[in-house]
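*Asks:* Using the working numbering, the letters of the sequence shown correspond one by one to residues 208 to 638.
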Amino acid sequence: MQRVGGDRVRRRLVAATGGVSAAPLLVLFALNLVDEFDRVAFGVLSPEIRDTFGLSDSGIVAVGSIAGVTSLLAALPIGVLADRVRRVRLAAVGAATWGGFTILTALSPSTAVLTVARMGAGIGRIVNEPVHASLLTDFYPPTHHPRVFAMHRLANPIGLGSALVVGLLATFFDWRWVFASLCIPTFLLLPFLLRLREPARGESIDRAAALAADGRARSGFLEARRVLFAIATLRRLWVGLPVVGIALITLPQLISLFFERVYGYGPTGRGMVTFLSGVGIVIGLGLGQRLATRALVAGRPERLATYDGSAILAIGVALLGLVLSPWAPLSAAFYLLAGIGVGCYQPNYFSLVALVSPARVRAQAYAWAILWLGVGAFAAPLLAGLGESAGYRVAIGTLAATLVAGGAVATTARRTVRADAEAARADFVQT
Numbered sequence: 208m209q210r211v212g213g214d215r216v217r218r219r220l221v222a223a224t225g226g227v228s229a230a231p232l233l234v235l236f237a238l239n240l241v242d243e244f245d246r247v248a249f250g251v252l253s254p255e256i257r258d259t260f261g262l263s264d265s266g267i268v269a270v271g272s273i274a275g276v277t278s279l280l281a282a283l284p285i286g287v288l289a290d291r292v293r294r295v296r297l298a299a300v301g302a303a304t305w306g307g308f309t310i311l312t313a314l315s316p317s318t319a320v321l322t323v324a325r326m327g328a329g330i331g332r333i334v335n336e337p338v339h340a341s342l343l344t345d346f347y348p349p350t351h352h353p354r355v356f357a358m359h360r361l362a363n364p365i366g367l368g369s370a371l372v373v374g375l376l377a378t379f380f381d382w383r384w385v386f387a388s389l390c391i392p393t394f395l396l397l398p399f400l401l402r403l404r405e406p407a408r409g410e411s412i413d414r415a416a417a418l419a420a421d422g423r424a425r426s427g428f429l430e431a432r433r434v435l436f437a438i439a440t441l442r443r444l445w446v447g448l449p450v451v452g453i454a455l456i457t458l459p460q461l462i463s464l465f466f467e468r469v470y471g472y473g474p475t476g477r478g479m480v481t482f483l484s485g486v487g488i489v490i491g492l493g494l495g496q497r498l499a500t501r502a503l504v505a506g507r508p509e510r511l512a513t514y515d516g517s518a519i520l521a522i523g524v525a526l527l528g529l530v531l532s533p534w535a536p537l538s539a540a541f542y543l544l545a546g547i548g549v550g551c552y553q554p555n556y557f558s559l560v561a562l563v564s565p566a567r568v569r570a571q572a573y574a575w576a577i578l579w580l581g582v583g584a585f586a587a588p589l590l591a592g593l594g595e596s597a598g599y600r601v602a603i604g605t606l607a608a609t610l611v612a613g614g615a616v617a618t619t620a621r622r623t624v625r626a627d628a629e630a631a632r633a634d635f636v637q638t
């Protein structure tokens with residue numbers, strides 16, 4: 208029975224990777240999983256941390272937002288580095304950084320130190336976004352990118368499952384002890400990460416050409432910016448990203464405060480709600496990768512933009528249902544539906560960016576997107592303040608409306624996908 212299960216896992220990995228070694232995907236998946244523990248714990252335990260430092264709701268959300276904005280602003284310099292240095296080593300530096308600052312979070316004696324600790328942990332974690340994505344696009348063939356990204360991003364909702372454990376542990380132990388235990392898996396994974404080879408940029412398209420180009424001078428920041436901002440598909444996707452940033456960065460905190468204030472949920476109940484969102488993301492990832500894979504196999508890459516924008520719009524609709532619901536179980540069910548939208552969005556988005564971005568500046572393409580996500584985080588304290596003054600139904604409802612608008616804009620990128628993808632491939636051949 209165990210052998211049958213192992214064979215099934217191997218078949219799924221082969222289907223996802225196209226027969227290429229699954230080791231890079233598995234190691235990066237594991238790191239993406241453990242980096243969720245710290246983020247999830249801060250969201251679930253926000254009320255306890257708030258009370259320890261004597262903060263208001265808007266105060267604890269501000270700590271998370273400052274950390275989020277700082278890490279997102281760091282994404283662009285990290286993306287520039289990722290297009291110029293060995294990305295495997297850069298990923299290891301990021302992992303060690305977030306592990307160390309997670310320890311500092313547990314030891315924080317003041318709000319100032321807590322804020323610095325959250326900033327450091329966030330900067331370490333944000334390395335994963337441009338660096339992991341860039342590595343995966345070079346390790347695996349383009350037609351398998353949706354499945355590869357879906358599997359890699361599956362770590363995020365599985366990591367949300369740690370909310371149950373975090374909530375349970377916090378029932379018996381101080382939140383500081385919970386945080387202190389979260390860095391251990393990260394340091395155990397570092398040796399496996401450092402054993403991965405460094406792929407040539409663009410080798411999944413043409414290995415010989417990629418190896419020939421790898422020794423040439425890298426594009427400077429200004430040149431990379433010029434190239435990326437000329438891509439119409441990226442510009443349209445970026446318009447909707449600030450509101451997506453609020454949803455991805457601050458929504459877990461807002462939802463935790465919503466269920467505490469509106470329904471009186473404690474840490475275990477809030478952990479269960481977060482877990483349900485993770486279940487939704489798993490479902491959405493499966494749906495999203497199937498849609499994206501079919502689009503690429505059928506030679507219809509423009510559908511990636513349609514699916515991407517529709518998923519963002521669906522998140523907004525689900526959140527509207529959450530705030531309009533008069534019952535806690537129904538609100539939790541709508542949060543699960545929002546999770547499906549978050550999951551469906553990701554394989555389409557990451558595959559689309561890989562498709563339309565030249566290989567030589569691809570890490571910066573992912574990094575610019577993260578920067579635009581960070582713009583939305585500036586509005587998070589305002590939403591928390593709105594939640595305190597007018598109620599969290601109003602605050603989250605406002606966010607939902609902006610997500611609907613942002614998703615509608617993202618769908619318009621379908622008009623330019625094919626031309627931009629052809630231009631990206633031509634850029635690689637000419638480089």
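Glycine included, each C-beta is placed from N, C-alpha and C at the ideal position.
Using DSSP with H/G/I as helix, E/B as strand and the rest coil, what is Trp-203?
*Replies:* Nothing about residue 203 can be reported from this structure: the residues present for the chain run from 208 to 638 only.
*Asks:* With H, G and I counted as helix, E and B as strand and the rest as coil, what does DSSP make of Phe-436?
*Replies:* Against the sequence shown, residue 436 aligns to sequence position 229. Here Phe-436 sits in helix by DSSP.
*Asks:* For Ala-620, does the three-state DSSP call read helix, strand or coil?
*Replies:* For the purposes of this step, residue 620 is taken as residue 413 along the sequence shown, with counting starting at 1. Here Ala-620 sits in helix by DSSP.
*Asks:* Do Leu-400 and Leu-238 come within 8 Å of each other at the CB atom, strictly closer than that value?
*Replies:* Working through the sequence shown from its first residue, we reach residue 238 at position 31. Working through the sequence shown from its first residue, we reach residue 400 at position 193. Yes, the Cβ-Cβ distance between Leu-238 and Leu-400 is below 8 Å.
*Asks:* Can you look up Thr-457 in the DSSP assignment and give me helix, strand or coil?
*Replies:* As a position in the sequence shown, residue 457 is number 250, starting the count at 1. Looking at Thr-457 - three-state DSSP - the assignment turns out to be coil, as it is neither helix nor strand.
*Asks:* Does the count of Cβ pairs from the stretch 579-589 and the stretch 291-298 closer than 8 Å reach three?
*Replies:* no
*Asks:* In whole angstroms, what is the alpha-carbon distance linking Trp-445 and Ala-576?
*Replies:* As a first step, residue 445 is located in the sequence shown; it is residue number 238 there, counting from the start. As a first step, residue 576 is located in the sequence shown; it is residue number 369 there, counting from the start. So the alpha carbons of these two residues sit roughly 6 Å apart.
*Asks:* Report the option in Trp-579, Arg-219, Leu-283 whose CA atom is closest to the CA atom of Gly-613.
*Replies:* Along the sequence shown, read from residue 1 onward, the residue named residue 613 stands at position 406. Closest option to Gly-613, Cα to Cα, is Trp-579.
*Asks:* Would you kindly report the start and end of the unbroken alpha helix (DSSP H) that includes Pro-392?
*Replies:* Stepping through the sequence shown from its first residue, residue 392 is reached at position 185. Start and end: 391-401.
*Asks:* Do Ile-285 and Ala-574 have their C-beta atoms closer together than 8 Å?
*Replies:* As a position in the sequence shown, residue 285 is number 78, starting the count at 1. As a position in the sequence shown, residue 574 is number 367, starting the count at 1. Against a cut-off of 8 Å, the Cβ pair of Ala-574 and Ile-285 comes out as a contact.
*Asks:* What is the DSSP secondary structure of Pro-348, reduced to helix, strand or coil?
*Replies:* The sequence position of residue 348 within the sequence shown is 141, counting from 1. DSSP places Pro-348 in coil when its eight states are reduced to three.
*Asks:* Pick helix, strand or coil for Ala-576, following the three-state DSSP scheme.
*Replies:* Within the sequence shown, the letter at position 369 stands for residue 576. Three-state DSSP puts Ala-576 in a helix.
*Asks:* Could you spell out where the alpha helix (DSSP H) holding Ala-248 opens and where it closes?
*Replies:* Position 41 of the sequence shown, counting from 1, holds the residue named residue 248. Counting along the chain, the alpha helix (DSSP H) containing Ala-248 begins and ends at 230-251.
*Asks:* Excluding the five sequence neighbours on either side, which residues of its own chain have a C-beta within less than 8 Å of the C-beta of Met-208, listed in chain order?
*Replies:* Residue 208 sits at position 1 when you count from the first residue of the sequence shown. Low per-residue confidence applies at Met-208: pLDDT is 49, beneath 50, and the placement is therefore not dependable, though the value from the model is reported in the following sentence. For Met-208, where only same-chain residues beyond five positions count, there are no Cβ hits under 8 Å.
*Asks:* Would you tell me roughly how many angstroms separate the C-alpha atoms of Ala-439 and Arg-432, rounded to the nearest one?
*Replies:* Here the question's residue 439 lines up with position 232 in the sequence shown. Here the question's residue 432 lines up with position 225 in the sequence shown. C-alpha separation (whole angstroms): 13 Å.
*Asks:* From what residue to what residue does the alpha helix (DSSP H) around Arg-332 run?
*Replies:* The residue given as residue 332 occupies position 125 in the sequence shown. Here the alpha helix (DSSP H) through Arg-332 covers 318-333.
*Asks:* Where Asp-627 and Phe-346 are concerned, what is the direct C-alpha to C-alpha distance, given to the nearest angstrom?
*Replies:* Position 420 of the sequence shown, counted from the start, is the residue given in the question as residue 627. Position 139 of the sequence shown, counted from the start, is the residue given in the question as residue 346. Distance between the alpha carbons of Asp-627 and Phe-346 is about 22 Å.
*Asks:* For Phe-585, which three-state DSSP category applies?
*Replies:* Within the sequence shown, numbered from 1, the residue matching residue 585 stands at position 378. It is coil, neither helix nor strand.
*Asks:* For Val-489, which residues of its own chain have a beta-carbon under 6 Å away from its beta-carbon, when the five flanking residues on both sides are left out?
*Replies:* Along the sequence shown, one-based indexing puts residue 489 at 282. Excluding positions up to five away in sequence, the list reads Pro-364.
*Asks:* Whole angstroms is fine: what's the gap from Phe-379's alpha carbon to Thr-309's?
*Replies:* The residue you call residue 379 lines up with position 172 of the sequence shown. The residue you call residue 309 lines up with position 102 of the sequence shown. Phe-379 and Thr-309 have their C-alpha atoms spaced approximately 20 Å apart.
*Asks:* Would DSSP call Asp-515 helix, strand or coil?
*Replies:* Working through the sequence shown from its first residue, we reach residue 515 at position 308. Of the three classes helix, strand and coil, the one that applies to Asp-515 here is helix, per DSSP.
*Asks:* For Pro-533 and Arg-600, I'd like the C-alpha separation in whole angstroms.
*Replies:* Working through the sequence shown from its first residue, we reach residue 533 at position 326. Working through the sequence shown from its first residue, we reach residue 600 at position 393. Each residue's alpha carbon lies about 10 Å from the other.
*Asks:* Given Thr-623, which residues of its chain have a CB within under 6 Å of its CB, disregarding the five upstream and five downstream residues?
*Replies:* Within the sequence shown, numbered from 1, the residue matching residue 623 stands at position 416. Closer than 6 Å at Cβ, skipping near neighbours: Ala-439, Thr-440.
*Asks:* On the three-state DSSP scale, how would you describe Ala-407?
*Replies:* Taking the sequence shown and counting its residues from 1, the one referred to as residue 407 is at position 200. DSSP places Ala-407 in coil when its eight states are reduced to three.
*Asks:* Take Val-373 and list the residues in its own chain whose beta-carbon comes closer than 7 Å to its own, dropping the five residues that flank it on each side.
*Replies:* Position 166 of the sequence shown, counted from the first residue, corresponds to residue 373. Val-247, Ala-248, Val-251, Leu-252, Val-385, Gly-478, listed in sequence order.
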